[in-house]
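Chains as they are written, first to last, in the numbering used here: chain A, 1181 to 1615; chain B, 16 to 298.
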C-alpha cells in the first residue's frame, strides 16, 4: 500500500510492527522515521526554491546596507596611521601638551607612512578623518607630513613650528579619543552633539545645529503630506466604493494613471505648473488676480515639495482605503439611519470606525515612503524643502563624510523599520496590493 | 442621476457638493499629467501656453521638441539603456521571485515570516539607503558603473513585487491539481511547466511588469551606481530638470505617459482575467 503525499514522495506503509511495537513501512523501516525523512525532504525542497533569491538579496542588498551602517561606527583612520603615537599617548595626563616622546612617535609614524606605497598610505585618510573634528586638521596634517623628513630633534619644537595645530592640546585630545577602532562621534554629530574639551558630550553651538531640526522637519513634512493624502484620498475612496463596479473601474484610472506614471514625469509636471513663469501663475496674472510682479513662489520651497509629494503619494492612500471601504456593507449605515441616527452620526459612529484599518494602512504607507523620499525634494525642494535623504546624499556625493552619512542613514532606516513593524502589527503585509 | 425622493434640500446640496469635491480631487490627480501633453507641442521654449496656443493658431504648435528628442544621441542612448537594463533586471527578478514564491507558499517552508521579511525588504528600505549601500559595495567589487551592476541593483529592487504578486496568485491555487498530475506520473518539471505555470502565469506577468516599471522608473540607485554609459531615461530627465530645463522633457514625459497607459491597460486586463479564472475554479 502506498500513499502519495503532496509533493509526490511515496511513503510505503506496511502493517508489520517491530519488536518494540512501532509501526514499520513495507521495506522494514520505522514509520515515524520514514515520515520524518519525507518531511525533511519536502522542507529542503521548499527551502531550495527560496534559496537562490534569498542568497541574491542577502549578498547584493542586505549585506551592502549592513556594511554601510558599519561605517557609522567604524573608525580605523587614527589606529592605523598612528600606532606609535597612540602608545606613547597612553601616559599623557591630558592637561598640557604631550612630552617629546609623543612627538617623536608622531614623527616616526609619519616617516613610516612615507615608505608605504602610495595607495596604502594612512596619513591622507587620517587628515580627512580628523578634519571632521577640527576643520583645520586636513591642511595642517598634510602640510606637516610633506615636510616631516626635514624635521630634526627635538621633534616637539619642530612640529610646533610647522603648524599651530600642534601647539594646541585639542588635537591631542581628539587623537587620543579617536584612537579606538569604534567611534560614537558620527552619531553625536547626527544628533547635533559633540565632545567638549573635557571629553564630555555637549550640544553643538546653536548656529551649527542642523540635523535634529532636519529630522524634525522631515517628520513634520511627512505628517503634513500624510494628512493631505488622507484629506484628499478619503472622499474619493468613499465615492469610488459607493459606485457600481463598472463606473468605479473607469474612475479608478484617474488614481492608477498617476500611480503608473514615471516619478520624474510627475515631478516635472509640478515644476511646469508651479514655477514663476508657469501655468498657474500665468493664469492668475492673465485673469488679473495677481500683478505681474507678485507672482506666487510655489516651487523650490516647502510648499512645492508638499504639493508635489501629496500628488505623488495620493494613490498609496486611496488604494488601501478603497479596498477596505469596498468590504463595508452599506446596510450598516442604513440600519443606523433607520434607527434614528442623523447621516452625520451614522457616518461618524458606524461607517468611519470601520474604515480605520484602511486609514492606518494608507497612513503608515504614505508616511514611510515620505520620510525616505529623495528625488522630489531634491528637484523642487530648494533650501527649506530639503529632507534628511538629501543630506545623506550630500554627505556621500559631495562632502564625502561617509561616516556621518551612515549614521544619519541608520537613524532613518531604524525609524522606517519601526514604522513598518507597527504597520505589520496594525494591518499585516497581505493588505499591500498594487494596481 | 435621479436622487431618492426622501432627500431634503440639505441632502441634495450635500450630494452635489460632495461630487464637486470628488471631481476636483480627480482633476488634481490627472490635470498635472495631462497638461504636459499639449505643452509638449509648444513652438516656443516656454513651459506655459502662449497666446498662439490659446487661440489654436497652428503656428503656436510644433513638433520641434520631439525632433529634438529623436535627434539627440544621449536621449536615444538612454532609451536603449532603460530597455536593456529593465528587461535584463525583469528576467532575473521574475525567475528568482517566482521560484521563491513557489517555495514560500508551501506549507512546510521553514522560517516563513523571517524569510519573507528579508525578501521584501528592498521595497521598505528607503531608496537612498539602498543606493548608498550598493554604491559602496559595488565599488569594492568593481561592478559600479557597469551594466551588470545596475541590472543586479534593479533586479534586487524588483523582486519584492514579483514575490508578492505570485504569492497572492498561489493563495487561490488548487494544490490537488499538481497532486493529480503527480499521481498520473508527471515529473516535477513537467508538473511545473504544464500545470502550475499556466495557472500562475497572470500573477507572474503582472509581477514582471511591476519589476520592469520599477527598473524603468528607478533613478536614485542609477544616480549612485550607474556611470555616464548607463544613463537611463529618468537619469537623463534628472539632468534635464537640474541643468538646462527645456520642453524636450515634456515631449519625453508625454511618451512616458503613453507607455504607462499601455502598461496599465495590460495589468488591468491581466487582473480581470485572473479574477475571472479564479471565479470559475472551485475553491
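Built from N, CA and C at the ideal position, the CB exists for glycine as well.
Proximity below 8 Å, CB of residue i to CB of residue j
i	j	result
residue 1554 (chain A)	residue 142 (chain B)	yes
residue 243 (chain B)	residue 146 (chain B)	no
residue 1396 (chain A)	residue 1481 (chain A)	no
residue 1223 (chain A)	residue 125 (chain B)	yes
residue 48 (chain B)	residue 1556 (chain A)	no
residue 138 (chain B)	residue 119 (chain B)	no
residue 1345 (chain A)	residue 1364 (chain A)	no
residue 91 (chain B)	residue 239 (chain B)	no
residue 263 (chain B)	residue 181 (chain B)	no
residue 18 (chain B)	residue 27 (chain B)	yes
residue 116 (chain B)	residue 1237 (chain A)	no
residue 160 (chain B)	residue 104 (chain B)	no
residue 87 (chain B)	residue 56 (chain B)	no
residue 1343 (chain A)	residue 1323 (chain A)	yes
residue 285 (chain B)	residue 175 (chain B)	no
residue 1412 (chain A)	residue 1545 (chain A)	no
residue 1267 (chain A)	residue 1285 (chain A)	yes
residue 1581 (chain A)	residue 1335 (chain A)	no
Per-residue DSSP class, three states only, for residue i
i	result
residue 1611 (chain A)	At residue 1611 (chain A) the pLDDT is 48, less than 50, meaning the model places this residue with poor confidence; the figure from the coordinates comes in the next sentence. DSSP places residue 1611 (chain A) in helix when its eight states are reduced to three.
residue 1239 (chain A)	helix
residue 1330 (chain A)	helix
residue 1474 (chain A)	coil
residue 137 (chain B)	helix
residue 1197 (chain A)	strand
residue 1375 (chain A)	strand
residue 1382 (chain A)	strand
residue 1500 (chain A)	helix
residue 1254 (chain A)	strand
residue 1210 (chain A)	strand
residue 1204 (chain A)	strand
residue 1187 (chain A)	Reliability of the predicted coordinates at residue 1187 (chain A) is poor, the pLDDT of 45 falling under 50, and the value obtained from them is presented with this limitation in mind. Correct three-state label for residue 1187 (chain A): coil.
residue 1362 (chain A)	strand
residue 1418 (chain A)	helix
residue 1387 (chain A)	helix
residue 1272 (chain A)	coil
residue 232 (chain B)	helix
residue 1512 (chain A)	helix
residue 1551 (chain A)	helix
Pick from the options that is closest to residue i, judged by C-alpha positions
i	options	result
residue 1402 (chain A)	A:1413, A:1355, A:1430, A:1490	A:1490
residue 198 (chain B)	B:210, B:53, B:187	B:210
residue 1409 (chain A)	A:1451, A:1501, A:1213	A:1501
residue 1618 (chain A)	A:1497, A:1234, A:1601	Given a span of 1181 to 1615 for chain A in the structure shown, any question on residue 1618 (chain A) remains unanswerable.
residue 1279 (chain A)	A:1256, A:1337, A:1381	A:1337
residue 177 (chain B)	A:1230, A:1199, A:1420, A:1581	A:1230
residue 100 (chain B)	B:224, B:230, B:196	B:230
residue 1559 (chain A)	B:277, B:275, B:234	B:234
residue 1541 (chain A)	A:1205, A:1414, A:1349, A:1204	A:1414
residue 1431 (chain A)	A:1292, A:1232, A:1499	A:1499
residue 1276 (chain A)	A:1239, A:1352, A:1468	A:1352
residue 1265 (chain A)	A:1207, A:1437, A:1357	A:1357
residue 1370 (chain A)	A:1362, A:1384, A:1360	A:1384
residue 73 (chain B)	B:81, B:53, B:82, B:89	B:53
residue 1282 (chain A)	A:1291, A:1290, A:1269, A:1292	A:1269
residue 1389 (chain A)	A:1596, A:1368, A:1291, A:1399	A:1368
Interface partners of residue i on chain D, CB under 7 Å
i	result
residue 1248 (chain A)	Given the protein chain composition of this structure (A and B), no chain D is represented.
Inter-stretch contact (C-beta, 8 Å, three-pair minimum) for the segment 1533-1551 of chain A and the segment 1489-1505 of chain A
Taking a cut-off of 8 Å on C-beta distances, the segment 1533-1551 of chain A touches the segment 1489-1505 of chain A, as three or more cross pairs fall below it.
Quick one: any contact between the segment 1428-1448 of chain A and the segment 253-262 of chain B, if contact means 3 or more CB pairs under 8 Å?
yes
Mind pulling the alpha helix (DSSP H) runs of 4 or more residues that sit fully within the segment 1579-1606 of chain A?
Counting whole runs of 4 or more residues, the segment 1579-1606 of chain A contains the alpha helix (DSSP H) stretches 1582-1606.
Quick one: complete alpha helix (DSSP H) runs, 4+ long, within the segment 20-107 of chain B?
For the segment 20-107 of chain B, whole alpha helix (DSSP H) runs of length 4 or above, ordered along the chain, are 24-49, 51-54, 66-69, 79-85.
Pairing CB atoms from the segment 1501-1514 of chain A with CB atoms from the segment 1525-1534 of chain A, are three or more of them under 8 Å?
Yes, they touch.
Threshold first: 4 residues or longer. Then list the alpha helix (DSSP H) segments lying entirely within the segment 172-219 of chain B, N to C.
190-198
How do the segment 34-45 of chain B and the segment 244-251 of chain B stand: do at least 3 beta-carbon pairs fall below 8 Å, yes or no?
Segments in contact, no.
Between the segment 1299-1313 of chain A and the segment 1256-1266 of chain A, do three or more beta carbon pairs fall short of 8 Å?
Counting Cβ pairs under 8 Å, three or more are found: they touch.
Could you check whether the segment 1506-1517 of chain A touches the segment 1368-1379 of chain A, counting it as contact only if at least three pairs of C-beta atoms, one from each stretch, sit closer than 8 Å?
no
Between the segment 172-192 of chain B and the segment 150-157 of chain B, are three or more C-beta pairs nearer than 8 Å?
no
Where are the alpha helix (DSSP H) runs, 4 residues long or more, that stay fully inside the segment 1277-1345 of chain A, in chain order?
1280-1295, 1303-1311, 1317-1327, 1335-1342
With contact counted as at least three CB pairs below 8 Å, one residue from each stretch, are the segment 1516-1530 of chain A and the segment 68-88 of chain B in contact?
no
Would you call the segment 1457-1465 of chain A and the segment 53-67 of chain B touching, i.e. three or more CB-CB distances under 8 Å?
yes
Counting Cβ pairs, one atom from each stretch, are 3 or more of them under 8 Å apart for the segment 1417-1428 of chain A and the segment 209-227 of chain B?
no
Contact between the segment 1246-1256 of chain A and the segment 1585-1592 of chain A (3+ Cβ pairs under 8 Å)
yes
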